[in-house]
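Worksheet: one structure, shown below.
Next up, the structure:
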């Protein structure tokens with residue numbers, strides 16, 4: 003099974019809880035490995051808690067982790083920092099599907115990280 | 003195939019080699035993608051060497067990477083740092099199963115990272 | 003399907019675009035989850051843009067992220083830094099295969115990171 007949906011981000015750096023959208027995609031699937039995937043080089047996916055404070059902390063954390071200036075790619079396009087974050091975080095998040103549901107812990111949500119928004123972002127969901 | 007086991011961690015920050023437990027789970031499986039998964043938002047999984055020195059280095063490295071203080075989530079629950087580490091590391095580790103065995107290099111072990119222990123941690127193993 | 007190829011790196015720290023090699027491996031596969039995997043504890047895989055400037059930025063970024071000195075593992079083998087980078091980045095990169103092709107965005111390439119070269123590196127490709 004492969005499905006796709008789109009998310010419109012609204013800020014230059016934003017984290018968006020996409021768990022419900024992924025859950026809709028896997029309806030009718032009983033068991034398998036679910037891969038959520040963004041075909042983008044300045045976005046990424048993480049799995050973690052999502053409430054406004056920790057969401058804001060994740061954005062701040064990635065800002066601290068990757069300095070804005072001093073990158074060679076910035077002479078081509080001024081978004082090296084977004085590529086470095088995306089490379090580190092990765093474009094995929096995986097979890098089991100069991101008994102027709104995503105296996106997620108109490109505090110786990112699937113979170114799209116846009117490091118270079120606002121943009122339209124594609125999210126691909128595949129279960130095998 | 004989906005199986006589950008539990009690990010009791012004993013420290014606030016701890017890395018545990020769970021390779022043998024995962025190997026037991028995949029007995030009888032000939033070939034596939036093996037996903038090891040922890041349904042937790044303050045733990046994670048890595049694949050790397052495991053001996054006491056590098057184990058201790060990994061704990062120290064994550065401490066350096068994520069400052070303890072200054073996070074908004076800490077007004078709710080004083081473990082933002084553990085969430086940020088978990089989000090970065092991720093709750094899954096994957097490797098091939100081939101000829102009935104996990105495909106791991108000489109120095110690769112599957113390592114559970116508890117960033118907010120001691121706790122009982124669930125580990126889910128799925129092969130497809 | 004499981005296949006393997008080798009890459010000879012030429013520098014102590016190097017990033018190599020292996021997308022075309024992976025594409026060759028998946029010929030004849032129509033749909034599935036593709037896992038690219040390196041059975042090594044001082045290398046890793048990322049998915050991101052690949053042009054000379056950002057390639058050099060990734061090498062510099064990992065150097066900044068992980069200090070060279072101060073690790074206990076260095077009394078055994080002077081490459082703790084390479085293990086820490088490899089543990090953080092991870093040995094796997096995944097993407098969908100759909101209609102016989104790797105689902106990669108315009109700027110996404112599959113990149114092998116050697117943190118302790120030059121070496122011969124094995125790359126395993128499995129689709130399920």
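Protein chains in written order, with my numbering: chain A, 3 to 130; chain B, 3 to 130; chain C, 3 to 130.
Just so you know, even glycine gets a beta-carbon here, dropped at the ideal spot from N, CA and C.
{"Check": "Through-space distance from residue 36 of chain B to residue 91 of chain C, alpha-carbon basis", "Outcome": "18 Å"}
{"Check": "Opposing strand residues paired with residue 115 of chain A [DSSP bridges]", "Outcome": "A:17 and A:46"}
{"Check": "Beta-carbon proximity of residue 85 of chain B to residue 45 of chain B, cut-off 8 Å", "Outcome": "no"}
{"Check": "CB contact check: residue 128 of chain C to chain B, cutoff 8 Å", "Outcome": "yes"}
{"Check": "Nearest candidate by alpha-carbon position, reference residue 80 of chain C, set C:70, C:116 and C:108", "Outcome": "C:70"}
{"Check": "Cβ of residue 97 of chain B within 8 Å of any chain C Cβ", "Outcome": "yes"}
{"Check": "Cβ shell of residue 11 of chain C (< 7 Å), same chain only, five flanking positions each side left out", "Outcome": "18, 116, 119, 120, 121 and 123"}
{"Check": "Segments of 4+ residues assigned as alpha helix (DSSP H) that fall wholly inside the stretch 46–107 of chain A", "Outcome": "54–67 and 82–91"}
{"Check": "Distance between residue 33 of chain B and residue 55 of chain A (C-alpha atoms, nearest Å)", "Outcome": "43 Å"}
{"Check": "Short Cβ contact (8 Å threshold) for residue 52 of chain A with residue 4 of chain A", "Outcome": "no"}
{"Check": "CA-to-CA distance, residue 63 of chain A to residue 68 of chain B, given in whole angstroms", "Outcome": "8 Å"}
{"Check": "Closest residue to residue 48 of chain C among C:97, C:65 and C:76 (Cα-Cα distance)", "Outcome": "C:97"}
{"Check": "Beta carbon of residue 7 of chain B nearer than 8 Å to that of residue 99 of chain B", "Outcome": "no"}
{"Check": "Where residue 130 of chain C sits in the DSSP three-state scheme", "Outcome": "coil"}
{"Check": "Any chain C beta carbon closer than 8 Å to residue 70 of chain A", "Outcome": "no"}
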